[in-house]
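First residue of the sequence shown: 16, per our numbering; consecutive thereafter.
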Amino acid sequence: MVVVTSTSSNLTTHFTNTVTCCKRVSPLLQFFNQIYGNPRRPSWSKLPNNCNGVVCVRAYMENPNSISSFASKVIGSLPVVGLLARILSDEGGVGGDIIDFAEFRRRVGKNCSVADSKAFYDFQDRRGPAGDPSHVLLCCWLAAVGAGFLKSEEILEGVVRLRISDDIEFEEETFLSMMNEAKERRAKLKVAAPTIPMEIRAEKALEAIYVCCFGKDPIEEEDKRLLKIMLSSVFASVGQSEIQRIVEEKARRVAEGGDENYVLEPKPLPKEAVQLQMKDLEFLKQNRDS
Numbered sequence: 016m017v018v019v020t021s022t023s024s025n026l027t028t029h030f031t032n033t034v035t036c037c038k039r040v041s042p043l044l045q046f047f048n049q050i051y052g053n054p055r056r057p058s059w060s061k062l063p064n065n066c067n068g069v070v071c072v073r074a075y076m077e078n079p080n081s082i083s084s085f086a087s088k089v090i091g092s093l094p095v096v097g098l099l100a101r102i103l104s105d106e107g108g109v110g111g112d113i114i115d116f117a118e119f120r121r122r123v124g125k126n127c128s129v130a131d132s133k134a135f136y137d138f139q140d141r142r143g144p145a146g147d148p149s150h151v152l153l154c155c156w157l158a159a160v161g162a163g164f165l166k167s168e169e170i171l172e173g174v175v176r177l178r179i180s181d182d183i184e185f186e187e188e189t190f191l192s193m194m195n196e197a198k199e200r201r202a203k204l205k206v207a208a209p210t211i212p213m214e215i216r217a218e219k220a221l222e223a224i225y226v227c228c229f230g231k232d233p234i235e236e237e238d239k240r241l242l243k244i245m246l247s248s249v250f251a252s253v254g255q256s257e258i259q260r261i262v263e264e265k266a267r268r269v270a271e272g273g274d275e276n277y278v279l280e281p282k283p284l285p286k287e288a289v290q291l292q293m294k295d296l297e298f299l300k301q302n303r304d305s
């Protein structure tokens with residue numbers, strides 16, 4: 016669950032203003048502002064580290080020791096109630112279930128201001144199709160939710176495939192399956208997932224965004240500004256100074272050629288993943304023919 020100190024009182028008016036003030040808005044960003052826009056949240060440059068007195072989502076994932084987290088675990092453990100909760104909420108997050116990409120987007124969108132949303136499509140204008148907001152958010156989702164379940168090289172290989180294929184649904188299904196399998200293995204071994212700080216997750220998200228959206232291109236000043244805004248909107252509990260440090264250090268390493276060891280060529284998919292993709296293609300072909 017997301018902890019929010021306040022919500023917008025007039026979502027319809029906010030969305031209308033959003034559409035009229037922006038030169039164009041992608042469907043994803045319309046989703047951000049129409050449903051979850053927050054006009055009261057200040058821009059990244061004005062947001063204090065501790066969010067004193069302003070609307071602030073502390074994290075996209077709930078505190079494991081919070082009351083809401085405890086309630087979710089209790090509900091998920093009840094046979095009938097837990098089943099009904101999972102049927103009514105297919106996005107995950109019930110009883111410790113892994114949060115899927117759709118729910119992750121919803122939680123992030125709930126914290127996005129107009130300026131945040133604009134940063135996503137401004138980034139797309141600069142980076143082209145590879146900088147699609149969905150690609151950026153998938154990179155953040157893999158680092159945020161997949162931390163402790165996915166290896167860094169697995170994430171980078173996946174975002175390279177995404178850059179080439181633009182098949183975001185396939186990558187989402189593939190990674191969600193990998194995370195669930197890793198979770199099941201840990202459960203059988205009775206080993207808890209490691210606790211990874213939000214700062215490390217934000218840094219891993221930036222690495223994935225660079226590989227997916229930049230390839231080998233340098234990070235320019237405007238790119239850095241937009242990256243800071245986007246990462247701040249996703250990892251709201253990480254302070255501004257830390258976000259700035261992460262982005263500046265990444266840009267410096269890229270400029271110095273220190274990131275050439277990253278995975279830049281996709282590796283062959285596992286047999287199961289290829290079979291799943293072929294089934295999807297066959298399904299689409301049947302629908303087209305019919």
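All C-beta atoms in this analysis are idealised placements derived from N, C-alpha and C, irrespective of residue type, glycine included.
Is the beta carbon of residue i sitting closer than 8 Å to the one on residue j?
| i | j | result |
| --- | --- | --- |
| N126 | S248 | yes |
| E186 | R176 | yes |
| A270 | P233 | yes |
| L157 | I170 | yes |
| K239 | V262 | yes |
| V226 | V160 | no |
| A208 | G163 | yes |
| L165 | M193 | yes |
| I114 | H150 | no |
| A145 | R178 | yes |
| E237 | R141 | yes |
Starting from the Cα of residue i, find the closest Cα among the options and give me that residue.
| i | options | result |
| --- | --- | --- |
| E118 | L153, Y136, P144 and D147 | L153 |
| I224 | S256, S192, L204 and S167 | S167 |
| F229 | D131, G143 and N302 | G143 |
| E235 | F250, T210, E264 and A220 | E264 |
| D112 | A266, K198 and C155 | K198 |
| S180 | F135, L204 and D147 | D147 |
| K231 | S256, A266 and I215 | A266 |
Report the partner residues of residue i according to the DSSP bridge assignment.
| i | result |
| --- | --- |
| A162 | L165 |
Quick one: what's got a C-beta closer than 6 Å to residue i's C-beta in the same chain, skipping five residues either side?
| i | result |
| --- | --- |
| I258 | K243, L246 and S247 |
| K219 | A158 |
| F250 | M213 and A217 |
| E196 | none |
| F47 | With a pLDDT of 48 at F47, under the threshold of 50, the modelled position of this residue cannot be trusted; read the value that follows with caution. Excluding residues within five positions, the ones whose Cβ falls inside 6 Å are G124, C127 and S132. |
Residues in its own chain within less than 7 Å of residue i by CB, not counting five upstream and five downstream?
| i | result |
| --- | --- |
| D137 | L241 |
| F116 | L153, W156 and E187 |
| A134 | L241, I244 and M245 |
For residue i, which residues from the same chain have a beta carbon less than 8 Å from its beta carbon, with the 5 sequence-adjacent residues on both sides left out?
| i | result |
| --- | --- |
| N302 | none |
| I215 | A162 |
| E106 | Bear in mind that the predicted position of E106 carries a pLDDT of just 38, short of 50, making it unreliable; the figure below should be weighed with that in mind. Closer than 8 Å at the Cβ level, and outside the excluded window around E106, lie I114, D115, A117, E118 and R121. |
| Q139 | S41, G146, D147 and P148 |
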